[in-house]
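One structure is given here, and the rest of the page talks about it.
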Amino acid sequence: MELTALIVVVAIALFFNYTNGFHDAANAIATSVSTRALTPRAALAMAAVMNLVGAFLGTGVAKTVGSGIIDPPKDLHGLTIVAAALIGAIVWNLITWYFGLPSSSTHGLVGGLIGAALAAHGSVLWMDVLKKVVLWMVLSPVIGLILGYLVMTGFLWIFRNSYPGRVGRRFRIAQSLSAAAMALGHGLQDAQKTMGIIVLAMVTTGYQDAADSHVPVWVILVCAAVLSLGTYAGGWRIMRTLGRRVIELDPPKGFAAEATAASVLYATAFIWQAPVSTTHTITAAIMGVGSTKRLSAVRWGVAGNIVVAWVLTIPAAGIVAAAAYGVISLFH
Numbered sequence: 018m019e020l021t022a023l024i025v026v027v028a029i030a031l032f033f034n035y036t037n038g039f040h041d042a043a044n045a046i047a048t049s050v051s052t053r054a055l056t057p058r059a060a061l062a063m064a065a066v067m068n069l070v071g072a073f074l075g076t077g078v079a080k081t082v083g084s085g086i087i088d089p090p091k092d093l094h095g096l097t098i099v100a101a102a103l104i105g106a107i108v109w110n111l112i113t114w115y116f117g118l119p120s121s122s123t124h125g126l127v128g129g130l131i132g133a134a135l136a137a138h139g140s141v142l143w144m145d146v147l148k149k150v151v152l153w154m155v156l157s158p159v160i161g162l163i164l165g166y167l168v169m170t171g172f173l174w175i176f177r178n179s180y181p182g183r184v185g186r187r188f189r190i191a192q193s194l195s196a197a198a199m200a201l202g203h204g205l206q207d208a209q210k211t212m213g214i215i216v217l218a219m220v221t222t223g224y225q226d227a228a229d230s231h232v233p234v235w236v237i238l239v240c241a242a243v244l245s246l247g248t249y250a251g252g253w254r255i256m257r258t259l260g261r262r263v264i265e266l267d268p269p270k271g272f273a274a275e276a277t278a279a280s281v282l283y284a285t286a287f288i289w290q291a292p293v294s295t296t297h298t299i300t301a302a303i304m305g306v307g308s309t310k311r312l313s314a315v316r317w318g319v320a321g322n323i324v325v326a327w328v329l330t331i332p333a334a335g336i337v338a339a340a341a342y343g344v345i346s347l348f349h
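Position in the sequence shown (from 1) plus 17 gives the number in the numbering used here.
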């Protein structure tokens, strides 16, 4: 019974990972596709491969998600909390994907964990949530916005006397590299979150010791593969929002936004092991880059809708997860 329940929860976690892939594929490639640096299919294939590579580069974020958000009971009750958390995150992913809003799968998962744990009268590690999630939820887009503005300002100054057409062609080539770097960062961050959830499920059922925080190789392999498949499935609705509706992007702006966002993703994963949102980071970087032209170049109405989705993500996913916990608990 317990093993069967664990297998079901792992399957749900992998479905979440798949939705994460097609929901967040736009993060890595929207700018490159919108500037025609890459064709959509080539961009998706490249993003899928780089997501796969990124998933193997570290497990620090996985450990944070697996042991730094909640402390569930070590039994089927704990597994129910994990399952409900995943359902909350998946439902919110699908809702925001349908409306084309680039919300955060990361914060959907965190909100799901918190909501399910509270519904079960479980233990939420609030100080860790504040330090590892809420702090970086605020800092990562702010840093992305400021760095994007500074990087683009630097490019405008360096190439101020250059022929725009020639500069554009060079940056279009460079965007292939920056999009790959962004996709690598997405794999580094987002595949690890599902790894952490699967490890958490194994700990609650006794298949892994709570003191053992390592991520098994099979978990890394499966999560990397499923994220890549989801990425290749594509997220065209969100891609249109990020690539065209926030600002009109050209190759220099696209390169500046991608390079900025990738840098933030690497730093937070390797240095602070913080599960940050790739969505928040790239969207803020795009806004920062766009505002170098003039503030009105950024479509702030669209940006405002995106920010509302950000603010709602943790509580909305938490409410769905709490409801899911209530329904699941009726059956055992």
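Just so it is clear, CB atoms sit at the ideal spot from N, CA and C, and this is done for glycine as well.
This one's a predicted model, so the numbers in the text were calculated from it and none came from an experiment.
Rank the options by C-alpha distance to the C-alpha of residue i and give the top, closest one.
i, options, result
"ALA291", "LEU31, ALA79, VAL337 and VAL324", "ALA79"
"THR300", "ALA64, GLY75, GLY83 and SER121", "SER121"
"GLN192", "ALA22, ALA28, ALA30 and ALA47", "ALA47"
"SER230", "ALA197, LEU238 and VAL220", "VAL220"
"ILE345", "ARG58, THR36, TRP235 and GLY105", "GLY105"
"ALA341", "ALA208, LEU312 and LEU135", "LEU135"
"SER49", "ALA276, ARG177, ILE98 and TRP143", "ALA276"
"PRO89", "VAL216, VAL234 and VAL315", "VAL216"
"ASP92", "THR222, THR211 and GLY129", "THR222"
"PHE417", "VAL127, ARG177 and VAL184", "One cannot answer for residue 417 here, as it falls past the ends of the chain, which runs 18 to 349."
"LYS210", "GLY182, LEU20, GLY77 and MET18", "GLY77"
"SER280", "LEU164, ARG316, LEU312 and ARG177", "LEU164"
"ASP145", "ASP226, THR81, VAL315 and LEU238", "THR81"
"LEU238", "PRO181, ALA45, ALA228 and PHE73", "PHE73"
"ASN37", "ILE98, PRO158, ILE112 and ARG58", "ILE112"
"PHE348", "HIS94, VAL159 and LEU20", "HIS94"
"GLY343", "VAL236, ALA59 and THR97", "THR97"
"ILE160", "ASP226, GLY171 and VAL293", "VAL293"
"LEU20", "TYR224, HIS138 and LEU173", "TYR224"
"VAL236", "ALA227, ALA228 and ALA218", "ALA218"
"ALA320", "ILE190, PRO158, ALA228 and SER195", "PRO158"
"TYR35", "GLY318, ARG58 and ASN110", "ASN110"
"ILE323", "GLY182, ALA59, LEU173 and TRP114", "TRP114"
With a Cβ-Cβ cutoff of 7 angstroms, do residue i and residue j count as a contact?
i, j, result
"ALA100", "VAL26", "yes"
"LEU162", "MET304", "yes"
"ALA339", "GLY132", "yes"
"LEU23", "VAL243", "no"
"ALA54", "PRO269", "no"
"GLY75", "GLY213", "no"
"LEU61", "GLY202", "no"
"ALA286", "LEU205", "yes"
"ALA65", "TYR249", "yes"
"LEU266", "THR56", "no"
"THR295", "ASP41", "yes"
"MET169", "VAL328", "no"
"VAL141", "VAL337", "no"
"GLY125", "THR330", "yes"
"ALA274", "ALA241", "no"
"LEU118", "ALA326", "yes"
"MET199", "ALA278", "yes"
"ILE87", "LEU147", "no"
"LEU103", "ILE29", "yes"
"ALA197", "MET18", "no"
"LEU69", "SER179", "no"
"PHE272", "PHE188", "yes"
"LYS149", "GLY71", "no"
"PHE39", "GLY247", "yes"
List the residues that DSSP assigns as beta-bridge partners of residue i.
i, result
"ASP88", "SER140"
- Query: Which ranges would you report for the beta strand (DSSP E) in the region 146-233 if only whole runs of at least 3 residues count?
  - Reply: none
- Message: At 3 residues or longer, what runs of the beta strand (DSSP E) sit wholly inside the region 306-332?
- Response: none
- Task: Give, in chain order, every unbroken run of the alpha helix (DSSP H) that is at least 4 residues long and sits entirely within the region 31-107.
- Result: 57-72 and 77-84
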